[in-house]
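Take the sequence shown: its letter number 31 is residue 88 in my numbering, and every next letter is one higher.
Here's the structure we're looking at; comments come further down.
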Amino acid sequence: MPTTPLSHADALARLREGNERFSNGTRSLETFVGQARLREFANGQAPFACILTCSDSRVPAEMIFDQGIGDLFVIRVAGNVVAPSLVGSVEYAATVLGTQLAVVMGHSCCGAIKATVDVLQGKTEIASENIRDILERIRPAAENVLSAARKLSEGREIEESLLLKKVIRANVRASADHLRHGSRVLENLCKEGKFAVVGAEYDLHTGCVEFFDSVR
Numbered sequence: 058m059p060t061t062p063l064s065h066a067d068a069l070a071r072l073r074e075g076n077e078r079f080s081n082g083t084r085s086l087e088t089f090v091g092q093a094r095l096r097e098f099a100n101g102q103a104p105f106a107c108i109l110t111c112s113d114s115r116v117p118a119e120m121i122f123d124q125g126i127g128d129l130f131v132i133r134v135a136g137n138v139v140a141p142s143l144v145g146s147v148e149y150a151a152t153v154l155g156t157q158l159a160v161v162m163g164h165s166c167c168g169a170i171k172a173t174v175d176v177l178q179g180k181t182e183i184a185s186e187n188i189r190d191i192l193e194r195i196r197p198a199a200e201n202v203l204s205a206a207r208k209l210s211e212g213r214e215i216e217e218s219l220l221l222k223k224v225i226r227a228n229v230r231a232s233a234d235h236l237r238h239g240s241r242v243l244e245n246l247c248k249e250g251k252f253a254v255v256g257a258e259y260d261l262h263t264g265c266v267e268f269f270d271s272v273r
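Take a look at the structure:
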């Protein structure tokens with residue numbers, strides 16, 4: 058098991074390389090090794106990156122980045138939103154496991170994003186209070202995008218696919234910013250250059266991940 062954590066720049070490079078393999082259909086043999094990996098990490102872990110992403114069944118982080126058991130600390134929640142327990146999970150990865158990179162990854166055609174936009178446009182109602190909690194965390198980013206889109210459209214119909222894409226990205230950026238500044242622990246680590254948070258979007262059609270931020 059690795060004992061020296063990767064720098065955030067090296068971790069991001071490894072994620073980029075892994076996603077390129079995945080999207081090209083040339084996955085690493087290492088990710089298919091079963092029992093050897095199980096034994097290696099049975100008594101501890103040292104993931105090189107933390108991925109906060111959506112619960113969508115089409116967004117399996119380990120596969121998308123062509124990584125195996127023990128490589129990634131994955132947190133999944135509908136809409137890749139940030140709540141106290143999720144912040145705490147990232148803090149654990151950073152302070153206990155020594156992980157130096159967190160990626161907030163949204164994805165195309167996100168159901169949670171669409172549900173939020175539909176509610177804001179009066180097309181549907183919220184199904185439960187628990188779902189409301191998720192949508193309320195997406196709402197600020199969605200409202201900002203909708204407000205800007207209405208001003209630019211000057212009364213013309215807004216293209217839904219473009220609107221959703223903008224909200225997906227705005228929501229990722231909001232979640233990433235929350236991790237950077239909504240936790241004193243993570244904010245201090247970022248200031249000290251010991252941790253970094255980047256946003257990203259996964260394309261369900263191509264298998265490619267686009268990162269919004271760079272790190273050094």
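C-beta: ideal position from N, C-alpha, C; glycine also.
This one's a predicted model, so the numbers in the text were calculated from it and none came from an experiment.
Within the same chain, show all residues whose beta-carbon is closer than 7 Å to that of residue i, passing over the 5 residues directly before and after it, in chain order.
i: Ser80; result: Thr263, Gly264 and Cys265
i: Arg115; result: Leu261
i: Asp175; result: Thr181
i: Glu193; result: none
Hey, how far is the Cα of residue i from the Cα of residue j?
i: Lys251; j: Gly179; result: 44 Å
i: Asp123; j: Gly168; result: 24 Å
i: Asp7; j: Asn100; result: No information on residue 7 is available, as it lies outside the stretch 58 to 273 that the chain covers here.
i: Ile195; j: Asn76; result: 26 Å
i: Ser240; j: Arg133; result: 19 Å
i: Asn201; j: Thr173; result: 13 Å
i: Ile170; j: Leu220; result: 10 Å
i: Ala227; j: Ser165; result: 13 Å
i: Tyr259; j: Ala70; result: 16 Å
i: Gly82; j: Glu216; result: 33 Å
i: Ala93; j: Leu177; result: 50 Å
i: Phe268; j: Val255; result: 7 Å
i: Gly163; j: Asp113; result: 10 Å
i: Ser204; j: Cys111; result: 25 Å
i: Val242; j: Glu97; result: 30 Å
i: His235; j: Ile188; result: 20 Å
i: Glu186; j: Met120; result: 32 Å
i: Ala253; j: Glu74; result: 18 Å
i: Asp270; j: Ser218; result: 23 Å
i: Gly125; j: Leu246; result: 27 Å
i: Leu109; j: Leu143; result: 8 Å
i: Thr152; j: Thr61; result: 14 Å
Check the C-beta distance from residue i over to residue j and give it rounded, since I have them as a contact under 8 Å.
i: Gly127; j: Gln157; result: Actually they are not in contact, since the Cβ atoms of Gly127 and Gln157 sit about 16 Å apart, beyond 8 Å.
i: Ala135; j: Ile191; result: 5 Å
i: Val160; j: Leu63; result: About 13 Å separates the two Cβ atoms, so there is no contact after all.
Assign residue i to buried or exposed, taking buried as 16 or more other Cβ atoms, counted over all protein chains shown, within 10 Å of its Cβ.
i: Lys248; result: exposed
i: Lys208; result: exposed
i: Val224; result: buried
i: Pro117; result: exposed
i: Ser145; result: Checking the sequence shown, residue 145 turns out to be Gly, not Ser. Flag for Gly145 reads exposed.
i: Ala198; result: buried
i: Glu148; result: buried
Can you list, in chain order, the residues of its chain with a C-beta nearer than 6 Å to that of residue i? Leave out the 5 residues immediately preceding and following it.
i: Ala24; result: This structure does not reach residue 24, given that the chain is present from 58 up to 273, and the question cannot be answered.
i: Arg84; result: Arg78 and Asp123
i: His238; result: Glu244
i: Leu95; result: none
i: Ala257; result: Val160, Met162, Val266 and Phe268
Spatial neighbours of residue i within its chain, please: CB distance less than 8 Å, with the 5 preceding and 5 following residues excluded, ordered by chain position.
i: Arg273; result: Ala66
i: Pro104; result: Gly127, Asp128, Leu129, Phe130, Ala150, Leu154 and Thr156
i: Ala206; result: Ile215, Leu220 and Lys223
Just checking residue i against the ligand PLP - is the residue's beta carbon closer than 6 Å to any of the ligand's heavy atoms?
i: Cys167; result: With respect to small molecules bound, the structure shown includes none, and the ligand PLP cannot be examined in it.
Cβ contact check for the segment 135-144 and the segment 228-245: 3 or more pairs under 8 Å: Under the Cβ criterion (8 Å, minimum of three pairs), the segment 135-144 counts as touching the segment 228-245.
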